[in-house]
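The block underneath contains the structure these notes are about, expressed in structure tokens.
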Ligand SMILES: NC(=O)c1ccc[n+]([C@@H]2O[C@H](COP(=O)([O-])OP(=O)(O)OC[C@H]3O[C@@H](n4cnc5c(N)ncnc54)[C@H](O)[C@@H]3O)[C@@H](O)[C@H]2O)c1
Ligand SMILES: [Zn+2]
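In this note's numbering, the protein residues as written are -6 to 358.
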């Protein structure tokens, strides 16, 4: 098992290994002992038996364990679910000493983390990520949020978990398409700050699968990268925005498609288009784009062309939290495995985007 300490003020451990769920009674003992616990998960995760395994593992340690199973999917990151969960906690007389467990992917993690951040002005919560994406990205770093009809993640808070328990064996039951979503974020880490990871992914004979013995190491590498960025910029004022490579357009695609296009695939299109932009702005070897596109294709991440209008997407991007009044910050590759933050006038960005998007859609159609 690997253990990574996230060295912020109330630091916490990320435990990564194979078969950790059944050892939860030992591994997260300090965080659940003599506390009431509400474990929240979704139907797909519960169907795999993970909720009952965690409950079984901690039942002799926790005071009492309640389980709430909600439907799967991004639409569950809603204020109505927040309301239901905080009312449930209040009815069960949860105090500040008690805690929540988020068992599932990023949807469960974001929703439960946000509930934990506001109930009684903040109670502890534990992340047990069961998707690759949640393991390498959403479960670490303390960002929690739910969506509004006007956009994704518009209501949220910074609230770190008290511990993250990542059992990579849970990835084995992920549908291939969901595992590939996580690979999209893995590729993102390679492109923003780890050329060796990008090279490793490109030189593999076969694409990564959920059975790969290297998974623990790869998750650890990503968690260390995320940690280094979060420590420098806990509240997302600068460096942390690098993690948003591909996400400005990605979030817009998710929103405009009403979440028909999944997160990992949406950001893959964003990463590819923003690499094109980078290549128009500076001299980069032309094979960067071909190689990167090939890598995204290996994981079936480029399903476009998506025929959404450039204007609608542009508008969605301008509503992004990262936008200032007249400028927006975008993340562009500066070389293969390094990205930089570029501030562009909104007008210049919009003109570029609409032209590129329309050209892209028409050539690929
Ligand atoms: N807070 C952050 O910093 C951050 C970072 C990145 C992404 N996110 C958020 O994460 C969310 C996406 O997360 P996700 O991709 O994990 O999606 P998800 O939580 O919807 O999970 C994807 C699907 O896999 C199923 N599933 C989960 N684990 C499973 C398992 N082990 N076996 C079988 N099925 C399983 C789920 O039921 C769901 O249908 C988005 O809402 C995104 O905004 C947050
Ligand atoms: Zn993401």
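Ideal Cβ positions, reconstructed from N, Cα and C, are used throughout, including at glycine.
Near ligand 1: residue i beta-carbon under 7 Å from a heavy atom
i: residue 167; result: yes
i: residue 303; result: no
i: residue 126; result: yes
Closer than 7 Å: residue i CB and nearest ligand 2 heavy atom
i: residue 229; result: no
Buried versus exposed call for residue i [16 or more other C-beta atoms within 10 Å across all chains shown]
i: residue 294; result: buried
i: residue 202; result: exposed
i: residue 34; result: buried
i: residue 135; result: buried
i: residue 351; result: exposed
i: residue 117; result: buried
i: residue 319; result: exposed
i: residue 130; result: buried
i: residue 219; result: buried
i: residue 23; result: exposed
Top-ranked residue by Cα proximity to residue i, from the options
i: residue 158; options: 19, 319, 340; result: 19
i: residue 237; options: 213, 186, 75; result: 186
i: residue 359; options: 310, 329, 331; result: The first residue shown for the chain is -6 and the last is 358, placing residue 359 beyond what the model contains.
i: residue 346; options: 246, 270, 43; result: 270
i: residue 239; options: 168, 151, 332; result: 332
i: residue 67; options: 141, 204, 211, 338; result: 141
i: residue 5; options: 267, 224, 330; result: 224
i: residue 205; options: 133, 228, 176, 229; result: 176
i: residue 155; options: 7, 75, 339; result: 7
Contacts around residue i, its chain only, beta-carbon distance under 6 Å, and the 5 residues preceding and following it disregarded
i: residue 29; result: 56, 57, 87, 91
i: residue 112; result: 79, 82
Chain-order list of residues whose beta-carbon lies under 8 Å from that of residue i (same chain, five-residue window excluded)
i: residue 286; result: 265, 295
i: residue 47; result: 14, 17, 32, 94, 96, 121
i: residue 160; result: 10, 11, 12, 13, 14, 121, 123
Nearest-angstrom Cβ-Cβ length linking residue i and residue j, presumed shorter than 8 Å
i: residue 98; j: residue 123; result: 6 Å
i: residue 242; j: residue 301; result: That belief does not hold up - the Cβ atoms of residue 242 and residue 301 are roughly 11 Å apart, past 8 Å.
i: residue 288; j: residue 180; result: 6 Å
Contact set for residue i: own chain, Cβ-Cβ below 7 Å, skip 5 residues either direction
i: residue 254; result: 246, 247, 299
i: residue 39; result: 62
i: residue 249; result: 301, 305, 306, 309
i: residue 213; result: -5, -3, 9
i: residue 171; result: 124
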